[in-house]
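**Q** According to my numbering, the residues represented by the sequence shown are 689 to 788, in order.
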Amino acid sequence: MAVGCIPIVAKPKYDEVFGVGHFVKNNINGIYYEVGNIGQLAKSILSLIENTRYLSMLSTSANETARSFDVQIFRRRLLDAVGTVLSCNNAVLMQKNKNL
Numbered sequence: 689m690a691v692g693c694i695p696i697v698a699k700p701k702y703d704e705v706f707g708v709g710h711f712v713k714n715n716i717n718g719i720y721y722e723v724g725n726i727g728q729l730a731k732s733i734l735s736l737i738e739n740t741r742y743l744s745m746l747s748t749s750a751n752e753t754a755r756s757f758d759v760q761i762f763r764r765r766l767l768d769a770v771g772t773v774l775s776c777n778n779a780v781l782m783q784k785n786k787n788l
């Protein structure tokens, strides 16, 4: 995904706790096919060969998805979230102190 490759993924029939379904979204940044369904896999590959717009859209989206999981981006999001929580708690504490 990081280089714009499109995942074509055999999606298990059960709901995942945390896995492929959290990253790969069918027809958005990848393609699902039923486990063991070789015909469906072939059809998915052909759809990419025959429709370059679809291929380009999936490729761009796959690359954007991969970038969103970059370590530096995660670090910034985590620090922003912690900062928000801390500033919120400080504001609440300050308000409580004013009311005393």
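All C-beta atoms, glycine included, are put in the ideal place defined by N, C-alpha and C.
Treat the numbers as computed from the prediction; the structure is a model and nothing was measured.
(1) Looking at the unbroken beta strand (DSSP E) that takes in Ile737, where does it start and where does it end?
(2) Would you say the beta carbon of Leu736 is closer than 7 Å to some non-hydrogen atom of the ligand FAD?
(3) Let me know if Leu766 comes out buried or exposed under the rule of 16 or more other beta-carbons within 10 Å of its beta-carbon.
(4) Am I right that Phe711 and Thr753 are in contact with their C-beta atoms under 8 Å? What's the rounded C-beta distance?
(5) Could you check what DSSP says for Val723 in three-state terms: helix, strand or coil?
(6) Look at the alpha carbon of Gly724 and the alpha carbon of Ile696, and state the distance between them as a whole number of angstroms.
(7) With 16 other CB atoms within 10 Å as the buried threshold, where does Ile719 fall?
(8) Are Leu729 and Leu736 touching if we call contact CB-CB under 8 Å?
**A** This is what the structure gives:
(1) Counting from 1 along the sequence shown, the entry for residue 737 is found at position 49. Where Ile737 is concerned, there is no enclosing beta strand (DSSP E), although the alpha helix (DSSP H) it sits in stretches over 726-738.
(2) In the structure on display, the ligand FAD does not appear, and there are no ligands present to speak of.
(3) As a first step, residue 766 must be located in the sequence shown, where it is residue number 78. Looking at its Cβ environment, which holds fewer than 16 other Cβ atoms inside 10 Å, Leu766 is exposed.
(4) By one-based count along the sequence shown, residue 711 stands at place 23. By one-based count along the sequence shown, residue 753 stands at place 65. Right, the Cβ-Cβ distance comes to about 6 Å (below 8 Å), so this counts as a contact.
(5) The residue labelled residue 723 in the question sits at position 35 within the sequence shown. Three-state DSSP puts Val723 in coil, outside helix and strand.
(6) The residue labelled residue 724 in the question sits at position 36 within the sequence shown. The residue labelled residue 696 in the question sits at position 8 within the sequence shown. Those two C-alpha atoms are separated by around 13 Å.
(7) The count along the sequence shown starts at 1 and reaches residue 719 at position 31. Buried.
(8) Taking the sequence shown and counting its residues from 1, one reaches residue 729 at position 41. Taking the sequence shown and counting its residues from 1, one reaches residue 736 at position 48. Cβ atoms of Leu729 and Leu736: not closer than 8 Å.
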